[in-house]
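From first to last, the protein sequence lines are chains V and A. Residue numbers are given in the numbering used here: position 58 of the first sequence equals residue 131, and the series is strictly consecutive. Residue numbers are given in the numbering used here: position 105 of the second sequence equals residue 178, and the series is strictly consecutive.
There are 2 protein chains.
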Amino acid sequence: MTIMSDINLGPLTTLTGYALRRAQVAVFQDFHAMMEHEDIRPAQFSVLEVLKHNPGLRQTQVSLTLGIKSANFVPLFDALERRNLAERRPIEGDRRARGLFLTQLGLDTLTRLEKLVDQHEARCETKLGPTGKRTLLDLLHRLTEAR
Amino acid sequence: MTIMSDINLGPLTTLTGYALRRAQVAVFQDFHAMMEHEDIRPAQFSVLEVLKHNPGLRQTQVSLTLGIKSANFVPLFDALERRNLAERRPIEGDRRARGLFLTQLGLDTLTRLEKLVDQHEARCETKLGPTGKRTLLDLLHRLTEAR
DNA sequence: TATTGTTATACTCTATAACTATA
DNA sequence: TATAGTTATAGAGTATAACAATA
């Protein structure tokens, strides 16, 4: 039980990157707590969602979209395939590439995951207030977009 | 040269955690590019700032404040000490604990780093607009604070 | 020659358990 | 018994280079 000490953070208090990191860690901890017994990580969830909404994409397209290096995407997707949540299928006309799809189990699982994520997201919205989340997303997009 | 494809991100488009992660990565990349030839990482910078504003803190206090596990703090601080940027000193009255301080070189270095960080932060502010940054910090704090 | 996917590998970050020396 | 710091270690996450198969 530590007394809340008045430690001076100096310029960190107004440093965008520092605030971003702390908030991201906090939000991801909540996500992780929610997904723990489903054993799904944020990156895996994002891949499943992309495949649900864009079945048949190539690995390069998915990994580029999500900012995952193709070399790192391979073991990530291998794990999903091993669990029979998603699969690689041959593509007509290009025997180098593979199309990525959810399996039926993957789709069913994702439906269950989305309910959990909705609860997780609701907790964020509670903290941010009704208009706060919209504002936050807008500001974050400005930081993410190149230029 | 890839054509910008219209890939559907589904619920990720309004997922706070996803937007947070992408923004944090973008901001940290800019920080890293700025600090590359100084060879200082975000966590190291934050430790140096805390020591500058709170000389003599114990390791536990610093690591707890910054959300770094004490076991991971040791090699982090070892590196700073090896480079003669900071040092551990004995504490009167408790021979288990050590007080942490910047060296003169550490203080001089930090002064130089702060100028770089100011430029980095200015780029963030440009993207966020004058009131945007203040709003963003407020919203991020709401996510970070427990409750 | 260029592209898709892959392997191997290394480095950072983070997490846990167990230890020491002191209190 | 509890605390401050430390060690060892394992697991993620991320980065680069090089390769095979195919275009």
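Note that the Cβ used here is the ideal one computed from N, Cα and C, for glycine as well. These numbers come from a predicted model, not from an experiment.
Asked, Found
"Candidates Val98(A), Thr204(A), Leu186(A): closest to Thr110(A) by CA position", "According to the sequence as given, residue 110(A) is His; it is not Thr. When only C-alpha atoms are compared, the closest one is Leu186(A)."
"Neighbour flag for Thr75(V) against chain A, beta carbons, 9 Å", "Any reading at Thr75(V) must be qualified, since the residue scores a pLDDT of 46, below 50, and its modelled position is unreliable; no value is offered."
"Local conformation of Gly172(A) per DSSP, three classes", "strand"
"Burial state of Ser78(V), where buried means 16 or more other Cβ atoms lie within 10 Å", "exposed"
"Val147(A): contacting residues in chain V (beta-carbon distance under 7 Å)", "Those do not exist, as Val147(A) stays about 20 Å from chain V at its closest Cβ, beyond 7 Å."
"Own chain, CB closer than 7 Å to Ser119(A), minus 5 neighbours either side, in chain order", "Leu139"
"Rounded distance between the beta-carbons of Leu88(A) and Glu194(V), thought under 8 Å", "6 Å"
"Exposure of Arg207(A), with buried meaning 16 or more beta-carbon neighbours within 10 Å", "exposed"
"Cys197(V) to Pro128(A) span [Cα, whole Å]", "36 Å"
"Rounded C-alpha distance that separates Gly90(V) from Ile113(A)", "14 Å"
"Neighbour flag for Thr182(A) against chain V, beta carbons, 9 Å", "no"
"Ala159(A) - containing beta strand (DSSP E), residue span", "159 to 163"
"N-terminal and C-terminal residue of the alpha helix (DSSP H) that Lys188(A) is part of", "177 to 201"
"Expected contact under 8 Å - CB spacing of Leu149(A) and Ala96(A) to nearest Å", "Not confirmed; about 24 Å, so no contact."
"Cα-Cα separation, Met108(A) to Ile141(A)", "21 Å"
"Ala99(V) at chain A interface by Cβ criterion, 9 Å", "yes"
"Partner residues on chain A for Phe104(V), Cβ-Cβ distance less than 7 Å", "Gly90"
"Residue interval of the alpha helix (DSSP H) (run including Glu122(A))", "115 to 126"
"Distance CB(Arg162(A))-CB(Arg156(A)) smaller than 9 Å", "no"
"Contained beta strand (DSSP E) runs [length at least 3] in the stretch 75 to 109 of chain V, N- to C-terminal order", "none"
"Beta carbon proximity, Ser119(V) to chain A, threshold 9 Å", "yes"
"Contact check, Leu213(A) vs Leu210(V), beta carbons under 9 Å", "no"
"Local Cβ density within 10 Å of Val147(A), reported as buried at 16 or more and exposed below that", "exposed"
"Limits of the unbroken alpha helix (DSSP H) element including Arg221(A)", "Nothing in the structure corresponds to residue 221(A), since chain A is present only between 74 and 220."
"Beta-carbon contacts of Leu85(V) that lie in its chain and below 8 Å, excluding the five residues immediately before and after", "Tyr91"
"With 16 other Cβ atoms within 10 Å as the buried cut-off, status of Leu178(A)", "exposed"
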